Amino acid sequence: MAGDLLLADQAFLAFRDLLFRGEVRAGQLVSIAELVERTGLPLAPVREAVKHAESTGLVRILPKRGVLVIEPTSDTIRSCFHLRCMLDQEGARLLAARLEEAPIRALREEHAAVRDQAFSGITLELQQWAMAVDWKLHLALSEALDNPLAAGVYASNYDRITVLQQSRRLLPERIIPAMDEHLRIIDAVLAGREEDAAQAVRTHLSGTLRWWGIGLYGD
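Position in the sequence shown counted from 1, then plus 108, gives you our numbering.
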């Protein structure tokens with residue numbers, strides 16, 4: 109039994125890796141047999157992995173049809189980013205109240221470095237760095253909550269957003285605005301301005317949704 113659970117965990121991580129790399133994409137319908145082949149793991153743990161993925165909102169199991177990966181619809185995108193925003197706002201407030209400068213100042217320097225380099229020219233490597241730096245701030249905001257239940261929600265939502273992002277090509281023109289939006293969050297946190305930090309998070313949500321071509325409250 110323990111061996112089956114271990115294999116199921118391996119299968120879930122292998123499946124998630126396929127999603128994160130874009131080898132299985134948002135909105136794609138795949139069969140269990142295909143996932144068995146791609147992961148190289150037995151049928152039973154792959155089935156358990158798919159059930160786990162469904163419980164976290166990554167996929168839907170369609171009886172007799174296969175596994176449908178989360179679809180990049182306007183409602184799904186809006187819901188995922190809005191959820192992140194709600195948690196990020198509280199994280200930003202808490203960080204601003206604590207005035208713990210060192211980690212956040214280091215994040216500021218990294219954001220500024222990405223932004224400065226973007227003005228000089230945008231490469232694929234810079235785009236990948238920008239995405240990594242972008243998530244560093246969001247994860248720092250989630251960690252500031254110091255709440256295991258919220259951490260679980262945030263982790264599942266991180267997975268969903270990561271898969272959804274694979275459905276769009278990286279857009280160089282989004283890097284500088286995104287870094288600017290993040291820098292406003294960071295500067296408000298460093299200044300101890302709790303409400304300004306929360307507002308900056310909301311502004312970032314609006315910018316992110318505009319990048320997706322959707323509105324906060326409807327298309």
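Cβ coordinates follow ideal geometry from the N, Cα and C atoms, glycine included. Treat the numbers as computed from the prediction; the structure is a model and nothing was measured.
Item to check | Backbone CA spacing between Ala286 and Thr311 [nearest angstrom] | outcome: On the sequence shown, residue 286 is found 178 positions in, with the first residue counted as 1. On the sequence shown, residue 311 is found 203 positions in, with the first residue counted as 1. Spanning the two alpha carbons is a distance of roughly 10 angstroms.
Item to check | Every unbroken alpha helix (DSSP H) inside the region 176–258 [4 residues or more] | outcome: 182–206, 209–228, 232–252
Checklist entry - At what residues does the beta strand (DSSP E) containing Arg168 begin and finish? => result Along the sequence shown, read from residue 1 onward, the residue named residue 168 stands at position 60. Note, Arg168: beta strand (DSSP E), 167–170.
Checklist entry - Going by C-alpha distance, which of Ala116, Asp125, Arg124, Arg129 is nearest Ser275? => result Reading the sequence shown from its first residue, position 167 is the one you call residue 275. With distances taken between Cα atoms, Ser275 lies closest to Arg129.
Next on the checklist: Just to confirm, is the Cβ distance from Gly174 to Val138 under 8 angstroms?
Outcome noted: Sequence index remark: in the sequence shown, residue 174 carries index 66 (1-based). Sequence index remark: in the sequence shown, residue 138 carries index 30 (1-based). A contact, by the Cβ cut-off of 8 angstroms.
Checklist entry - In three-state DSSP terms, what is Gly260? => result Locating residue 260 in the sequence shown gives position 152, where the first residue counts as 1. Three-state result, Gly260: helix.
Checklist entry - Alpha carbon to alpha carbon, what distance is there between Trp319 and Ile230? => result Within the sequence shown, numbered from 1, the residue matching residue 230 stands at position 122. Within the sequence shown, numbered from 1, the residue matching residue 319 stands at position 211. C-alpha separation (whole angstroms): 18 angstroms.
Checklist entry - How do the region 228–247 and the region 173–187 stand: do at least 3 beta-carbon pairs fall below 8 angstroms, yes or no? => result no
Item to check | Sequence-distant residues of its chain with Cβ nearer than 7 angstroms to Glu302 (five each side left out) | outcome: On the sequence shown, position 194 is the one that residue 302 refers to. Correct list, in chain order: Arg201, Ala204, Ala205.
Next on the checklist: Per DSSP, what are the beta-bridge partners of Leu137 in this structure?
Outcome noted: In the sequence shown, the residue the question calls residue 137 occupies position 29. In DSSP, Leu137 forms a bridge with Leu176.
Next on the checklist: Assuming Thr164 and Ser264 are in contact, meaning their beta carbons sit under 8 angstroms apart, how far apart are those beta carbons, in whole angstroms?
Outcome noted: Residue numbering aside, residue 164 sits at position 56 when the sequence shown is read from its first letter. Residue numbering aside, residue 264 sits at position 156 when the sequence shown is read from its first letter. At roughly 4 angstroms, the Cβ-Cβ gap stays under 8 angstroms, so Thr164 and Ser264 are in contact.
Next on the checklist: If I measure Cβ to Cβ from Val158 and keep anything under 6 angstroms in the same chain, skipping five residues before and after, which residues do I get?
Outcome noted: Here residue 158 corresponds to residue number 50 of the sequence shown, with the count starting at 1. Cβ neighbours of Val158 beyond the five flanking positions: Val175.
Checklist entry - If we count the other Cβ atoms within 10 Å of its Cβ and call it buried at 16 or more, is Ala210 buried or exposed? => result Residue numbering aside, residue 210 sits at position 102 when the sequence shown is read from its first letter. So Ala210 ends up on the exposed side.
Item to check | Close-in-space but distant-in-sequence residues of the same chain around Glu145 (CB under 6 angstroms, 5 per side omitted) | outcome: Counting from 1 along the sequence shown, the entry for residue 145 is found at position 37. Excluding positions up to five away in sequence, the list is empty.
Checklist entry - How about the region 147–155 and the region 290–297: do they share at least three Cβ pairs that are nearer than 8 angstroms? => result no
Checklist entry - Considering only residues of the same chain and omitting the five flanking positions on each side of Pro300, which have a CB-CB separation below 8 angstroms? => result In the sequence shown, residue 300 corresponds to position 192, counting from 1. Note on residue identity: the sequence assigns Gly, not Pro, to residue 300. Ala204, Ala205, Leu207, listed in sequence order.
Checklist entry - With Leu291 and Ala238 assumed to form a contact (beta carbons below 8 angstroms), what rounded beta-carbon distance in angstroms separates them? => result Your numbering for residue 291 matches position 183 in the sequence shown. Your numbering for residue 238 matches position 130 in the sequence shown. Actually they are not in contact, since the Cβ atoms of Leu291 and Ala238 sit about 13 angstroms apart, beyond 8 angstroms.
Checklist entry - Going by beta carbon distance, what residues of the same chain come within less than 6 angstroms of Ala122, once the five residues before and after it are set aside? => result As a working note, residue 122 is residue 14 in the sequence shown. Excluding sequence neighbours, Ala122 sits near Thr147.
Next on the checklist: Please state the DSSP three-state secondary structure of Pro150.
Outcome noted: One-based indexing of the sequence shown puts residue 150 at position 42. The answer is coil: DSSP assigns Pro150 none of H, G, I, E or B.
Item to check | Residue of Ala119, Leu114, Arg124 minimising C-alpha distance to Ala271 | outcome: As a working mapping, residue 271 is identified with position 163 in the sequence shown. It is worth fixing the name first, because residue 271 is Val in this sequence and not Ala. Comparing Cα-Cα distances from Val271 to each of Ala119, Leu114, Arg124, the minimum goes to Arg124.
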